[in-house]
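Please read the structure below before turning to the comments.
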Amino acid sequence: MRYRALFGMLLAGFMCSSHAADPIDALAITCNNCHGADGVSVGPSMPSIGGLPESYLKNIMMEWKSGARYSATMGRLIKGYSDEQIAALANYYAKKPWVPAAQKTDPKLVALGKKVTSRCAGCHGETGKSEDSETPNINGQWSQYLQLEALKYRDDAVTMPNRQMRNAAKKLSDEEVKAVAEFYASQK
Amino acid sequence: MSQFNRRDFLKALAVAAPASVLHIPNAKAASKARIVVVGGGFGGAAAAKYLKMLSPTLDVILVEKNKIYISCPLSNEVISGHGNLKDLEIGYDGLKKRGINVVFDEVTAIDPVKKSVALKGGKTLAYDAMVLSPGIDFNYAGVEGYSEALANGDLPHAYKAGPQTLVLKKQLEAMPDGGKFVITVPPGPFRCPPGPYERASQVAAYLKGHGKTKSKVVILDANDSFSKKGLFEQAWKTIYPGMIEWVPGASDGKVVKIDPKTKTAYTNFGEHKADVLNVIPPHGAGSIAKATGLTNEKGWCSVDMLTMESVVHKDIWVVGDSCVHGDLPVYGAPKSAHMAVTQAKVAAGAIIAKLNGQPAPVPYFVNTCYSIAAPDWGFSVVHIYKVDNGKLVYVQEAGGISPIDTPALAATRKLESEYAIGWLKNIMADAFA
Chain A
17 MRYRALFGML
27 LAGFMCSSHA
37 ADPIDALAIT
47 CNNCHGADGV
57 SVGPSMPSIG
67 GLPESYLKNI
77 MMEWKSGARY
87 SATMGRLIKG
97 YSDEQIAALA
107 NYYAKKPWVP
117 AAQKTDPKLV
127 ALGKKVTSRC
137 AGCHGETGKS
147 EDSETPNING
157 QWSQYLQLEA
167 LKYRDDAVTM
177 PNRQMRNAAK
187 KLSDEEVKAV
197 AEFYASQK
Chain B
404 MSQFNRRDFL
414 KALAVAAPAS
424 VLHIPNAKAA
434 SKARIVVVGG
444 GFGGAAAAKY
454 LKMLSPTLDV
464 ILVEKNKIYI
474 SCPLSNEVIS
484 GHGNLKDLEI
494 GYDGLKKRGI
504 NVVFDEVTAI
514 DPVKKSVALK
524 GGKTLAYDAM
534 VLSPGIDFNY
544 AGVEGYSEAL
554 ANGDLPHAYK
564 AGPQTLVLKK
574 QLEAMPDGGK
584 FVITVPPGPF
594 RCPPGPYERA
604 SQVAAYLKGH
614 GKTKSKVVIL
624 DANDSFSKKG
634 LFEQAWKTIY
644 PGMIEWVPGA
654 SDGKVVKIDP
664 KTKTAYTNFG
674 EHKADVLNVI
684 PPHGAGSIAK
694 ATGLTNEKGW
704 CSVDMLTMES
714 VVHKDIWVVG
724 DSCVHGDLPV
734 YGAPKSAHMA
744 VTQAKVAAGA
754 IIAKLNGQPA
764 PVPYFVNTCY
774 SIAAPDWGFS
784 VVHIYKVDNG
794 KLVYVQEAGG
804 ISPIDTPALA
814 ATRKLESEYA
824 IGWLKNIMAD
834 AFA
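The listed protein sequences correspond, in order, to chains A and B. Quick note on our numbering: the first sequence kicks off at 17 and runs consecutively. Quick note on our numbering: the second sequence kicks off at 404 and runs consecutively.
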């Protein structure tokens with residue numbers, strides 16, 4: 017453990033300056049492979065995770081681990097880590113800044129999305145910026161990723177824990193799903 | 404080639420890192436050490452980047468032959484026309500901006516005793532530590548009748564992405580309906596374990612998409628099983644019924660000889676005449692590793708599993724496809740870009756620790772490898788390793804392949820086909836940007 021802490025110090029030196037050494041950094045850099053440096057993804061199908069609420073991140077990883085929440089890939093990864101490591105990863109990424117992805121969106125769909133999202137705003141806010149610890153930021157999240165998430169909620173064969181989100185997603189037409197994703201993706 | 408550029412370096416620092424680095428008391432002299440990284444693929448690029456990120460005062464030199472790197476992951480999709488070779492290309496400007504000295508040259512010799520590297524251009528570089536990431540070289544003599552000249556001509560292996568990929572694509576496009584596309588698979592280990600089978604799937608995707616469903620893809624395999632076998636076979640049965648035939652080694656699948664003129668592949672007892680013959684020759688570690696005496700009797704570089712340092716020569720860390728990492732055949736780390744990048748990060752941490760007189764940090768190794776069998780039909784295998792009693796072990800309760808039978812089949816295959824593409828963008832940035 018002592019040496020992990022030392023490695024953490026090395027990493028902490030460039031990542032977060034004055035913070036105390038955090039041994040989780042050595043594990044967290046393996047997440048960069050798919051989620052980008054500091055959790056800022058550059059691949060439209062992969063979500064940015066830096067700056068998401070700690071509680072949301074921890075819950076979602078624990079639900080993948082237990083199987084309560086469906087995942088295509090993450091469950092097989094996260095089962096390899098202890099609850100303590102998961103909690104530390106959630107804390108690590110929650111401290112990073114949320115960086116909306118630079119992406120092109122379709123103005124027509126964004127306009128339609130703005131109308132449709134009136135029913136999403138109760139939980140996700142008007143712009144998708146998280147207002148509570150259980151809800152992820154989706155302002156500036158990748159449009160393609162948001163559409164792929166909606167696909168999970170709209171498919172009864174997929175186990176997703178949030179009934180409210182499932183009901184809301186199922187009420188949308190295919191075009192409206194795209195529009196909602198484009199709208200939130202366009203928000204900063 | 405750009406020398407260390409202070410302005411760019413400060414700019415990069417301002418973006419990535421607001422502070423100075425080494426908090427360890429005796430680190431000052433070590434922090435100026437020179438690290439030579441040989442090979443600018445995923446492993447070498449990531450090693451150079453993470454060394455410089457973790458310790459910006461290090462003198463990091465990356466030696467690479469080519470100015471543009473072309474990703475092998477997702478290059479099978481170029482053959483089928485579902486991907487574009489241009490999207491797989493990346494240069495070294497991102498690394499240069501970080502203050503890494505990128506030298507476009509070829510290493511002709513490594514002296515592990517004097518700790519120096521000779522370059523074709525005439526220079527000699529001394530090093531305090533080296534990362535060797537030469538990738539694989541092909542053993543053309545492993546298939547009688549095949550040669551490097553044929554590979555660069557009419558019989559591309561296309562197992563390093565580039566011009567050969569496009570030649571193979573053209574040959575596929577020219578193949579008439581009813582034609583036979585033969586892929587020969589060498590004995591393992593080889594890079595990208597699911598690669599030949601993903602290629603067969605992509606070839607079938609092209610044929611099906613162009614109404615050439617009387618055509619056949621035949622895989623002549625020296626091995627008796629393969630990566631993600633159940634997942635591939637499910638995809639073939641569902642999407643390409645009757646189009647793909649796999650001949651295992653036990654059923655005389657091992658190709659020993661070819662006739663390039665008639666495009667015939669010979670096994671021990673049989674012969675297969677092809678319309679397109681795609682020979683993947685046997686692999687070994689890059690020839691510079693062998694010339695430096697770093698390879699074992701099987702032609703691969705043995706490394707300390709927790710640090711990636713060579714077990715033959717100290718102060719040389721070997722990462723990527725050329726090393727053998729993990730002792731159990733089933734759980735040995737696969738030769739993938741994802742693995743190379745995680746190995747590079749571990750090596751970077753271990754090198755900095757050693758330079759500072761510290762024991763190596765606890766390593767984290769993980770592999771995620773996606774394959775695309777058809778549009779909207781992707782799947783993956785995951786490997787997680789942890790250190791247990793000083794040994795690297797495969798974590799049995801995690802990892803494994805995507806589910807074969809699942810009620811959420813369509814969603815799962817669709818999601819992973821899209822994740823494959825997002826994964827590549829992120830891992831290219833992680834290594835090169």
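Glycine included, C-beta positions come from ideal geometry on N, C-alpha and C. Predicted model, so just to flag it, every value in this text is computed and none were measured.
Mind checking which residues open and close the alpha helix (DSSP H) that includes residue i?
i	result
Tyr169 (chain A)	159 to 170
Asp624 (chain B)	Note, Asp624 (chain B): premise wrong, no alpha helix (DSSP H); beta strand (DSSP E) at 619 to 624.
Leu575 (chain B)	566 to 577
Met181 (chain A)	179 to 186
Gln881 (chain B)	Outside the shown range of chain B (404 to 836) lies residue 881 (chain B), about which nothing can therefore be said.
Leu558 (chain B)	That residue, Leu558 (chain B), is in no alpha helix (DSSP H); it is neither H nor E in DSSP.
Ile482 (chain B)	479 to 482
Ser202 (chain A)	190 to 202
Ala736 (chain B)	Taken as a continuous stretch (DSSP letters only), Ala736 (chain B) belongs to no alpha helix (DSSP H), as it is neither H nor E.
Cys139 (chain A)	137 to 140
Ala44 (chain A)	41 to 44
His51 (chain A)	48 to 51
Have a look at the DSSP bridge pairing and note the partners of residue i.
i	result
His675 (chain B)	B:Ala668
Trp720 (chain B)	B:Val534, B:Glu712
Ala512 (chain B)	B:Ala521
Phe629 (chain B)	Answer by DSSP bridge pairing: none, since Phe629 (chain B) is not bridged.
Asn504 (chain B)	B:Ile464
Tyr472 (chain B)	B:Ile493
Val727 (chain B)	B:Ser705
Glu547 (chain B)	B:Lys660
Ile804 (chain B)	B:Val784
Kindly indicate the opening and closing residues of the beta strand (DSSP E) around residue i.
i	result
Phe584 (chain B)	583 to 588
Asp462 (chain B)	462 to 467
Glu819 (chain B)	Premise fails: Glu819 (chain B) lies in the alpha helix (DSSP H), 812 to 835, not in any beta strand (DSSP E).
Glu648 (chain B)	647 to 650
Asp662 (chain B)	658 to 662
By the criterion of Cβ-Cβ separation under 9 Å, what are the contact partners of residue i in chain E?
i	result
Tyr472 (chain B)	Of the protein chains in this structure, namely A and B, none is chain E.
Is it the case that the CB of residue i approaches a heavy atom of the ligand SAM more closely than 6 Å?
i	result
Gly59 (chain A)	In terms of ligand content, the structure shown is empty, and the ligand SAM therefore cannot be addressed.
**OP:** Could you name each continuous beta strand (DSSP E) segment of 3 residues or more that falls completely within the region 754 to 802 of chain B, going from the start of the chain to the end?
**Re:** Listed in chain order, they are 768 to 777, 780 to 791, 794 to 797.
Subject >> Completely contained beta strand (DSSP E) runs for the region 430 to 458 of chain B, where each covers 3 or more residues >> reply: Listed in chain order, the complete beta strand (DSSP E) runs (minimum 3 residues) inside the region 430 to 458 of chain B are 437 to 441.
Original post:
Is there contact here, the region 576 to 590 of chain B with the region 441 to 461 of chain B, by at least three beta-carbon pairs under 8 Å?
Top reply: Result no; under three Cβ-Cβ pairs closer than 8 Å.
**OP:** Count the CB pairs spanning the region 167 to 175 of chain A and the region 91 to 103 of chain A that are closer than 8 Å, and state whether there are at least three.
**Re:** With the cut-off at 8 Å, the region 167 to 175 of chain A and the region 91 to 103 of chain A do not touch.
**OP:** State whether the region 703 to 710 of chain B contacts the region 494 to 503 of chain B, with contact taken as three or more CB pairs (one from each stretch) at a distance under 8 Å.
**Re:** No, because fewer than three Cβ pairs between the region 703 to 710 of chain B and the region 494 to 503 of chain B fall closer than 8 Å, the two stretches do not touch.
Subject >> beta strand (DSSP E) segments (min. 3 residues) lying fully within the region 514 to 542 of chain B >> reply: Here the runs fully enclosed are 519 to 522, 527 to 529, 532 to 535, 539 to 541.
Original post:
In chain order, which continuous runs of the alpha helix (DSSP H) of length 4 or greater are located wholly inside the region 58 to 135 of chain A?
Top reply: For the region 58 to 135 of chain A, whole alpha helix (DSSP H) runs of length 4 or above, ordered along the chain, are 70 to 82, 90 to 94, 99 to 110, 123 to 132.
Original post:
Should the region 541 to 555 of chain B be called in touch with the region 684 to 703 of chain B, which here means at least 3 C-beta pairs below 8 Å?
Top reply: Short answer: they touch.
Original post:
Can you list the beta strand (DSSP E) stretches of 3 or more residues lying completely in the region 680 to 715 of chain B, in chain order?
Top reply: Counting only runs of 3 or more residues that sit fully inside the region 680 to 715 of chain B, the beta strand (DSSP E) segments are 686 to 688, in chain order.
Subject >> Any 3 or more C-beta pairs closer than 8 Å across the region 43 to 51 of chain A and the region 763 to 775 of chain B >> reply: As far as the Cβ criterion goes, the region 43 to 51 of chain A touches the region 763 to 775 of chain B, which means the pair count is three or higher.
Original post:
Listed from N- to C-terminal order along the chain, which residues in the region 84 to 108 of chain A have their beta-carbon within a distance smaller than 7 Å of any beta-carbon of chain B?
Top reply: For chain B, the residues of the region 84 to 108 of chain A that bring a beta carbon within less than 7 Å of one of its beta carbons are Tyr86, Ala88, Thr89, Arg92, Leu93, Lys95, Gly96, in chain order.
Subject >> chain B contacts from the region 132 to 154 of chain A (Cβ-Cβ distance under 8 Å) >> reply: Within the region 132 to 154 of chain A, contact with chain B at the beta-carbon level (separation under 8 Å) is assigned to no residue.
**OP:** Quick one: which residues of the region 738 to 751 of chain B get their C-beta closer than 7 Å to a C-beta of chain A? List them in chain order.
**Re:** Hits within the stretch, in order: His741, Val744, Thr745, Lys748.
Original post:
Looking at chain B, which residues of the region 167 to 183 of chain A have a Cβ within less than 7 Å of any of its Cβ atoms?
Top reply: Going along the region 167 to 183 of chain A in chain order, one finds Leu167, Lys168, Asp171, Ala173, Val174 with a Cβ nearer than 7 Å to chain B.
Subject >> Within 8 Å of chain B by C-beta, residues of the region 50 to 66 of chain A in sequence order >> reply: Residues Cys50, His51, Gly52, Ala53, Ser57, Val58, Gly59, Pro60, Ser61, Met62.
Original post:
Is the region 60 to 68 of chain A close to the region 123 to 131 of chain A, with three or more CB pairs under 8 Å?
Top reply: Taking 8 Å as the limit for Cβ pairs, the verdict is that the region 123 to 131 of chain A does not touch the region 60 to 68 of chain A.
Subject >> Sufficient close CB pairs (3 or more, under 8 Å) joining the region 663 to 674 of chain B to the region 802 to 816 of chain B >> reply: No: the two stretches stay apart, fewer than three of their Cβ pairs being nearer than 8 Å.
Original post:
If we count Cβ pairs, one from each stretch, closer than 8 Å, do we get three or more for the region 465 to 484 of chain B versus the region 434 to 448 of chain B?
Top reply: Result yes; three or more Cβ-Cβ pairs closer than 8 Å.
Original post:
Any chance the region 492 to 500 of chain B sits against the region 786 to 801 of chain B, with 3 or more Cβ pairs inside 8 Å?
Top reply: With a cut-off of 8 Å on Cβ pairs, the region 492 to 500 of chain B is not in contact with the region 786 to 801 of chain B, counting fewer than three such pairs.
Subject >> Three-pair Cβ contact test at 8 Å for the region 739 to 746 of chain B versus the region 553 to 562 of chain B >> reply: Segments in contact, no.
Original post:
Counting pairs of Cβ atoms below 8 Å between the region 612 to 624 of chain B and the region 716 to 729 of chain B, do you hit three or more?
Top reply: Not touching, per the Cβ criterion.
**OP:** Return the residues of the region 428 to 454 of chain B that lie within a Cβ-Cβ distance of less than 8 Å from chain A, sorted by chain order.
**Re:** If the cut-off is 8 Å between Cβ atoms, the region 428 to 454 of chain B has Tyr453 near chain A.
**OP:** Could you name the residues of the region 644 to 665 of chain B whose beta carbon sits closer than 8 Å to any beta carbon of chain A, in the order they occur along the chain?
**Re:** Taking 8 Å as the cut-off between beta carbons, none of the residues of the region 644 to 665 of chain B comes near chain A.
**OP:** Answer yes if the region 649 to 667 of chain B comes into contact with the region 513 to 530 of chain B, meaning at least three C-beta pairs across the two stretches below 8 Å, and no otherwise.
**Re:** By the criterion of at least three beta-carbon pairs nearer than 8 Å, the region 513 to 530 of chain B is not in contact with the region 649 to 667 of chain B.
Subject >> Given 8 Å, three or more beta-carbon pairs between the region 191 to 199 of chain A and the region 106 to 115 of chain A >> reply: Touching, no, given that fewer than three Cβ pairs across the two stretches are closer than 8 Å.
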